[in-house]
Amino acid sequence: MYEFQTATLGLSRMGPNRELKFAMEKYWKGKIGKDEFIAKAQAVEELGWSLQLADDKIDSIPVGEHFYYDGVLSWAEWLGIVPKRFAHLDAGIDRMFAMARGVDGATALGLKKWFTTNYHYLPSEVDTKRSPANLTDYLANVKRGLQFVGADKARAVIYGPVTIIRHSTFAQTEGSIDVQRFALLAELIPIYQKLIQDLSDMGVKEIQIHEPALVFDESSKLLPLYKQAYPSILANKKSTTRIDMVTYFEDVGADNWTWLMEQSEINKVSLDFTRGDNLALLKSNGFPKEKTLGAGIIDARSPWKVDPSKILPLIEELQSLGVSKDRLCIQPCASLQFVPWDLQNGEDNNLLKHQASKVLSFQQQKIDELHALATSDKKFVADTNEAWSVYKSSGTRNEEVGKAVAGLTEKDFTRGETFEVRRPKQMPELPILPTTSIGSFPQTAGIRRLRQQLKKGTMSKEEYEAAIDKEITFMIGIQEGLGLDILVHGEPERTDMVEFFAQQMNGMLFSGNGWVQSFGSRCVRPPIIWADVSLDHAMTTREFKVAQSLTKKPVKGMLTGPITILNWSFPRADISRKEQTFQIGLALRKEIAYLEEAGCRVIQVDEPALREGMPMRSARKDEYLRWAVDAFRLATAAAKSETSIHTHMCYCEFGDCMEALDEMDADVNSIENARSDDETLRQFKAIGYKKGLGPGTYDIHSPVVPTPEFIRGKMESFLENMEVSQLTINPDCGLKTRGWPETIEALRVMVEVTKEMRLEIQASA
72 MYEFQTATLG LSRMGPNREL KFAMEKYWKG KIGKDEFIAK AQAVEELGWS LQLADDKIDS
132 IPVGEHFYYD GVLSWAEWLG IVPKRFAHLD AGIDRMFAMA RGVDGATALG LKKWFTTNYH
192 YLPSEVDTKR SPANLTDYLA NVKRGLQFVG ADKARAVIYG PVTIIRHSTF AQTEGSIDVQ
252 RFALLAELIP IYQKLIQDLS DMGVKEIQIH EPALVFDESS KLLPLYKQAY PSILANKKST
312 TRIDMVTYFE DVGADNWTWL MEQSEINKVS LDFTRGDNLA LLKSNGFPKE KTLGAGIIDA
372 RSPWKVDPSK ILPLIEELQS LGVSKDRLCI QPCASLQFVP WDLQNGEDNN LLKHQASKVL
432 SFQQQKIDEL HALATSDKKF VADTNEAWSV YKSSGTRNEE VGKAVAGLTE KDFTRGETFE
492 VRRPKQMPEL PILPTTSIGS FPQTAGIRRL RQQLKKGTMS KEEYEAAIDK EITFMIGIQE
552 GLGLDILVHG EPERTDMVEF FAQQMNGMLF SGNGWVQSFG SRCVRPPIIW ADVSLDHAMT
612 TREFKVAQSL TKKPVKGMLT GPITILNWSF PRADISRKEQ TFQIGLALRK EIAYLEEAGC
672 RVIQVDEPAL REGMPMRSAR KDEYLRWAVD AFRLATAAAK SETSIHTHMC YCEFGDCMEA
732 LDEMDADVNS IENARSDDET LRQFKAIGYK KGLGPGTYDI HSPVVPTPEF IRGKMESFLE
792 NMEVSQLTIN PDCGLKTRGW PETIEALRVM VEVTKEMRLE IQASA
């Protein structure tokens, strides 16, 4: 007999072997038709439902949440929030993909990080005139879920209107953002009213309304939207249809807590108990006796098993605070899309041999954990306690690393000379507006085939390195021919910007098939940090030396920064994130010394994940930014003054951490800009930023080649906001996912426009 109800809030969309990824890419290339693509996507969704139905493990199963590309994008399409540059296209998945990827003459929607995760969403763009709402496809998906799962278990998932509005961008010429938000809400309320009614008429017994925007530290701006929206949206719902208001990634704060608990039409409130402090709010305010608590006690973003010594007391405490067993539903804190599909999955056999595997838990295992907790499975508790005991005594600590971290002083975080003194010493031969790329070049089928041959043992290491050297030679030749000023080796040897480094550091663990979605069809395999991190050999100098030997121009050393390695990995559960990041910073400090010894004069330390690790609540932000900035400085501070330290950041909202970006003390910060309408550029200007800056000139995630007019417009904007001496010219991001034809053509346009503008600047001097 079950002691508690169980629920999930969503599963992986990709499938156990990335079936949706490959189906999407085949559909985009015209290799399969729409019907076949949809059938493959639905097969993945149905497999996820079956996992939850097996042995009657889960009571509440989400339906209508298996999005093809992104949830915010899908809801924008269904609600008619379609920019006018796409409005002429037929409604449906093709228009949705056009908004995601861009089409000729129409740039793609922006790309931003979803809260504090490494998942990217596409912000809706709100025009003054919107397309008609069309929820036919969504309702059909829900109907199919009802039939497969059964009406008693199916829970229709809706992305709430305030979360959609909070993740939208508005025209700067159409009045204040607040006014535009309320205007859009007024249009959405009747759409949601009818949607709730339609779902009730279909026989949906419970609706999960996902409103994670409730965790933003913005109650003064967002709470009035909630107060206007929900009394109207829920006013006419049937009494037989229950409403579950779902939040995740943080606590909801005192003001939002009060509002949530006062809403009589909300029957269940789902809260995250793995991040933030919803427990303190519950202790202070109590919990209404007429509501069910969806207790997010399973960490949906962690690959580690639950620790019974922590989770069982939490369940008991929730009951002691007045949440009776019949009103307590245990569930993951968020969708399980953030962890791989199954620990037992195919290529992960080597992972299962590792000593840490007994305390790992992917999507399938977390469903099993929920079932075990709900049934008070004593064997599960005993086995899990034993597994954690063995893990903690299995050599996870390194005495030398511990002493190094403990012995750090202020000097270890500070460059030898100030930026003003060291900048003139760095590559003085460069022209104004030096051109470069961010790092990676297209990963062709041939390059991937080389890695597979090495992995299978059909190619020796020496043969593989010789083949990689040919790729580097080709890439250097392309850049020389285009006339770029600072070159890169192109990273043909790297599968992923985190995985490559983590595979060479001690303390990291890998899963052969542990894929999670990053955005669209792009998936990543996050490393698992299982022990203290250290480095005992150079990681990148061999390829750097090959590249530099082929050109007289400077070649960048390419590293991934400590915060990004941490945030794009699965961190340990037994020590602080700060300590783990400092360990990684010390390892990278060694690698920078190796590169300098090899003759490298410009080293890029990418930190695209700096912002996403920042807590949602302002009270905790400053502490995070302090140690995050310190970790970057720890990695780079020992570099020579003559060494130019670049960093790269992308696809985050940086407005609330601009000073931290300056405090990192990088010589050049190349940053995503093409999709953000120069917003980040203006933010740098506003703080009086004086160091080097490389705002992205074009969006590399779209196959559309920028026109000379577009590049010129971007560069003119750069010059309006920054001094010419500050600027480096580069694309938005690495070019790994692009094909060679558009890569070469886009870079050619960028370089030619830059040369023209150099002449114009020099002529006017």
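So for the sequence shown, this note's numbering puts the first residue at 72; every next one is plus one.
Note that the Cβ used here is the ideal one computed from N, Cα and C, for glycine as well.
Anticipated Cβ contact below 8 angstroms, residue i with residue j, distance rounded
i, j, result
"Ala227", "Gln279", "7 angstroms"
"Arg208", "Trp149", "The question names Arg, but residue 208 is Asp in the sequence shown. That belief holds up - the Cβ atoms of Asp208 and Trp149 are roughly 7 angstroms apart, short of 8 angstroms."
"Met332", "Pro295", "Going by Cβ atoms, the distance from Met332 to Pro295 rounds to 18 angstroms, so no, they are not a contact pair."
"Glu614", "Lys183", "Contact doesn't hold; Cβ gap of about 32 angstroms is too wide."
"Met729", "Ile758", "5 angstroms"
"Tyr297", "Val233", "6 angstroms"
"Leu606", "Glu662", "7 angstroms"
"Arg648", "Asp288", "20 angstroms between Cβ atoms; not a contact."
"Ser131", "Ala78", "4 angstroms"
"Gly81", "Glu136", "5 angstroms"
"Thr318", "Met685", "With a Cβ gap of about 18 angstroms, Thr318 and Met685 do not count as contacting."
"Asp603", "Thr467", "7 angstroms"
"Ile236", "Leu266", "16 angstroms between Cβ atoms; not a contact."
"Gly656", "Pro633", "4 angstroms"
"Val676", "Thr707", "6 angstroms"
Exposure label - residue i; buried when at least 16 CB within 10 Å
i, result
"Thr345", "buried"
"Met72", "Low confidence applies to Met72: its pLDDT is 45, below 50, so where it sits in the model is not reliable enough to give any reading."
"Val795", "exposed"
"Pro513", "buried"
"Ser83", "buried"
"Pro779", "exposed"
"Asp175", "exposed"
"His442", "buried"
"Ser841", "This structure cannot settle anything about residue 841, because the visible part of the chain is limited to 72 through 836."
"Pro87", "buried"
"Val569", "buried"
"Lys92", "buried"
"Leu580", "buried"
"Gln523", "exposed"
"Ser195", "buried"
"Thr631", "buried"
"Leu217", "buried"
"Gly478", "exposed"
"Arg697", "exposed"
Bridge partners - residue i, DSSP secondary structure assignment
i, result
"Phe358", "Beta-bridge pairing links Phe358 to no other residue."
"Arg313", "Glu277"
"Ile716", "Ile674"
"Val32", "With the chain running from 72 to 836 in the structure shown, residue 32 is simply not present."
"Lys102", "In DSSP, Lys102 forms no bridge with anything."
"Ser25", "A question about residue 25 goes unanswered here, because the residues of the chain that appear run from 72 up to 836."
"Gly367", "Asp343, Gln402"
"Asn740", "Thr718, Leu764"
"Arg226", "Pro133, Glu277"
"Ser796", "Bridge partners of Ser796: none, in fact."
"Ile557", "Thr507"
"Asn416", "Asn416 is not bridged to any residue."
"Trp375", "Leu431"
"Asn801", "Gly767"
Residue i at chain C interface by Cβ criterion, 8 angstroms
i, result
"Gly104", "As a matter of chain content, chain C is missing from the structure shown, which is built from one protein chain."
Proximity test, residue i beta-carbon vs the ligand SAM heavy atom, cut-off 7 angstroms
i, result
"Thr768", "Questions concerning the ligand SAM fall outside what the structure shown contains, since it holds no ligand whatsoever."
- Examine the Cβ distances between the region 621-637 and the region 650-657 and report whether three or more of them are shorter than 8 angstroms. yes
- What runs of the beta strand (DSSP E), each 3 residues or longer, lie entirely inside the region 425-491? none
- Task: Only counting runs of 3 or more residues, tell me where the beta strand (DSSP E) segments fall wholly within the region 571-648, in order along the chain.
- Result: If we require 3 residues or more, the beta strand (DSSP E) runs fully inside the region 571-648 come out as 577-580, 587-590, 593-595, 599-605, 627-631.
- Query: Taking contact to mean at least 3 C-beta pairs separated by less than 8 angstroms, is the region 620-629 in contact with the region 551-564?
  - Reply: yes
- How about the region 301-310 and the region 254-268: do they share at least three Cβ pairs that are nearer than 8 angstroms? yes
- Query: Do the region 156-164 and the region 230-242 touch if we need at least three Cβ pairs shorter than 8 angstroms?
  - Reply: no
- Stretch-stretch touch, CB-based, cutoff 8 angstroms, three pairs: the region 742-752 with the region 783-790: yes
- Segment contact flag, the region 765-772 with the region 732-745, C-beta cutoff 8 angstroms, min 3 pairs: yes
- Counting only runs of 3+ residues fully inside the region 170-217, write out the beta strand (DSSP E) ranges in chain order. 195-197
- Task: Report yes or no: do the region 730-740 and the region 699-710 share at least 3 C-beta pairs separated by less than 8 angstroms?
- Result: Flag = yes, the region 730-740 and the region 699-710 touch.
- Message: Does the structure place the region 405-425 close enough to the region 576-594 that three or more beta carbon pairs sit under 8 angstroms?
- Response: Yes, they touch.
- Message: What ranges does the alpha helix (DSSP H) occupy inside the region 252-310, keeping only unbroken runs of at least 4 residues that lie completely in it?
- Response: 290-304
- Report yes or no: do the region 359-371 and the region 391-406 share at least 3 C-beta pairs separated by less than 8 angstroms? Contact between the region 359-371 and the region 391-406 is present, with at least three C-beta pairs closer than 8 angstroms.
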